[in-house]
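Student: Provided herewith is a single structure, encoded as structure tokens, for subsequent inquiry.
2 protein chains.
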Amino acid sequence: MKYTPINFGEKLKTFSERWSPKIIAQLNDYQFKLVKIKGEFTWHSHEDTDEVFICLQGKMAIEFRQGVVQMKEGELFVVPKGKEHRPVAKEECSMLLVEPEGVVNTGDNPGELTADDDVWI
Amino acid sequence: MKYTPINFGEKLKTFSERWSPKIIAQLNDYQFKLVKIKGEFTWHSHEDTDEVFICLQGKMAIEFRQGVVQMKEGELFVVPKGKEHRPVAKEECSMLLVEPEGVVNTGDNPGELTADDDVWI
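Chains as they are written, first to last, in our numbering: chain E, 533 to 653; chain R, 533 to 653.
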């Protein structure tokens, strides 16, 4: 066992790719993923699971069909299972995602922005 | 549905009690809990689950029988299932815990520091 913590800032320095979640930790069958975003993601939902967003650096929003959640550093939001949503950010923003192992970023709407769901950093 | 995020700093201002986790969010059957600590907790383990610690404010350590993890703001550590551990902090520190619903803070070693496992703020 390694007695060293995972530092979000240091891990974030190791990649620049956007919309491509990188796994940093696993809790039972749940994973913690860092992701950098800028611009508008694709509308999608996850039929089988809620999804937690934690904003680590910058500002972002999670758009829903009937509302929007504005988020800044130190804030958390739970996107409910099956709820269509779209993360957006005017400037680059870094987030921590928490969700079950194997969740694909584009959920029920795969396409150009679909990322590998098993990249560890 | 409320389109407002959960702000860690604002939630932390609402209580001063130490060693008593307060639930702020739920992801499927997992919960996110804020806790303030100072001093030494009791040695314990959780036989059925890993446990994630994220340091939000201050500095802390997680002691194990054969090592210690030093943590500061913006760092995460996964305490493995069944691994005996003891959180400690010289000065007050605020943490975010992530673990399955119903996990009791003192695990297999209940006592004076055992807290209610179902307090939402």
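Backbone N, C-alpha and C fix where the C-beta goes; we use that ideal spot for every residue, glycine too.
All of these numbers come straight from a predicted model, not from anything done at the bench.
Could you give the distance in angstroms between the alpha-carbon of TRP575/R and the alpha-carbon of LYS568/E?
Tutor: In the second sequence, the residue the question calls residue 575/R occupies position 43. In the first sequence, the residue the question calls residue 568/E occupies position 36. The straight-line gap from Cα to Cα measures roughly 38 Å.
Student: Helix, strand or coil for GLU542/E? Go by DSSP, reduced to three states.
Tutor: Locating residue 542/E in the first sequence gives position 10, counting from the first residue. Three-state result, GLU542/E: helix.
Student: In the structure shown, what three-state DSSP assignment does PRO642/R receive?
Tutor: Position 110 of the second sequence, counting from 1, holds the residue named residue 642/R. Three-state result, PRO642/R: coil.
Student: Please compile the residues from chain E whose C-beta is within a distance smaller than 8 Å of the C-beta of MET627/R.
Tutor: Walking along the second sequence from the start, residue 627/R turns up at place 95. Chain E residues near MET627/R: none, gap ~12 Å exceeds 8 Å.
Student: So, SER682/E versus LEU588/E, is the Cβ gap smaller than 8 Å?
Tutor: Outside the shown range of chain E, which is 533 to 653, sits residue 682/E, and nothing can be said about it.
Student: Compile a chain-ordered list of the residues in the region 597-625 of chain E whose CB is closer than 9 Å to at least one CB of chain R.
Tutor: GLN598, GLY599, VAL600, VAL601, GLN602, MET603, LYS604, GLY606, GLU607, LEU608, PHE609, VAL610, PRO612, LYS613, LYS615
Student: According to DSSP, is PRO632/E helix, strand or coil?
Tutor: Position 100 of the first sequence, counted from the first residue, corresponds to residue 632/E. Strand at PRO632/E.
Student: Are the beta-carbon atoms belonging to LYS604/R and LYS591/R less than 8 Å from one another?
Tutor: Within the second sequence, residue 604/R is the residue found at index 72, counting from 1. Within the second sequence, residue 591/R is the residue found at index 59, counting from 1. In contact: LYS604/R and LYS591/R (Cβ atoms closer than 8 Å).
Student: Does chain R have any CB closer than 8 Å to the CB of GLY541/E?
Tutor: Walking along the first sequence from the start, residue 541/E turns up at place 9. It does: the Cβ of GLY541/E has a partner Cβ on chain R nearer than 8 Å.
Student: With burial defined as no fewer than 16 other Cβ atoms inside 10 Å of the residue's Cβ, what is the status of GLN598/E: buried or exposed?
Tutor: Here residue 598/E refers to the residue found at position 66 when the first sequence is read from its first residue. Per the 10 Å Cβ criterion, exposed.
Student: For chain R, check one thing: does any of its Cβ atoms lie closer than 8 Å to the Cβ of VAL630/E?
Tutor: Residue 630/E sits at position 98 when you count from the first residue of the first sequence. It does: the Cβ of VAL630/E has a partner Cβ on chain R nearer than 8 Å.
Student: Assuming MET533/E is part of the beta strand (DSSP E), what are its boundary residues?
Tutor: Here residue 533/E corresponds to residue number 1 of the first sequence, with the count starting at 1. No beta strand (DSSP E) holds MET533/E; DSSP gives it neither H nor E.
Student: Give me the Cα-Cα distance between ILE546/E and ILE653/E, rounded to the nearest whole angstrom.
Tutor: Your numbering for residue 546/E matches position 14 in the first sequence. Your numbering for residue 653/E matches position 121 in the first sequence. The question names Ile, but residue 546/E is Thr in the sequence shown. Cα to Cα, THR546/E sits roughly 8 Å from ILE653/E.
Student: So, is the C-beta of THR536/R closer than 8 Å to a C-beta in chain E?
Tutor: Translated into the one-based positions of the second sequence, residue 536/R becomes position 4. Yes, contact with chain E.
Student: May I ask which residues mark the beginning and end of the beta strand (DSSP E) holding GLU549/E?
Tutor: Translated into the one-based positions of the first sequence, residue 549/E becomes position 17. Unbroken run through GLU549/E: none, as it is neither H nor E.
Student: For ASP561/E, collect the residues of the same chain with a Cβ closer than 8 Å to its Cβ; drop the 5 residues on either side in sequence, then sort them by chain order.
Tutor: As a working note, residue 561/E is residue 29 in the first sequence. So the list reads PRO632, GLU633, once near-sequence residues are dropped.
Student: Among the residues of its own chain, which have a CB less than 6 Å from the CB of LYS584/R, if the five just before and after it don't count?
Tutor: Translated into positions along the second sequence, residue 584/R becomes position 52. Just to set this straight, residue 584/R is Val in the shown sequence, not Lys. So the qualifying residues of the chain are VAL610, VAL630.
Student: Output the distance between the C-alpha atoms of PHE540/E and VAL601/R, rounded to the nearest integer angstrom.
Tutor: For the purposes of this step, residue 540/E is taken as residue 8 along the first sequence, with counting starting at 1. For the purposes of this step, residue 601/R is taken as residue 69 along the second sequence, with counting starting at 1. Approximately 16 Å, taken between the alpha carbons.
Student: Cβ of ASP640/R less than 8 Å from any chain E Cβ?
Tutor: For the purposes of this step, residue 640/R is taken as residue 108 along the second sequence, with counting starting at 1. With 8 Å as the cut-off, ASP640/R does not count as an interface residue toward chain E.
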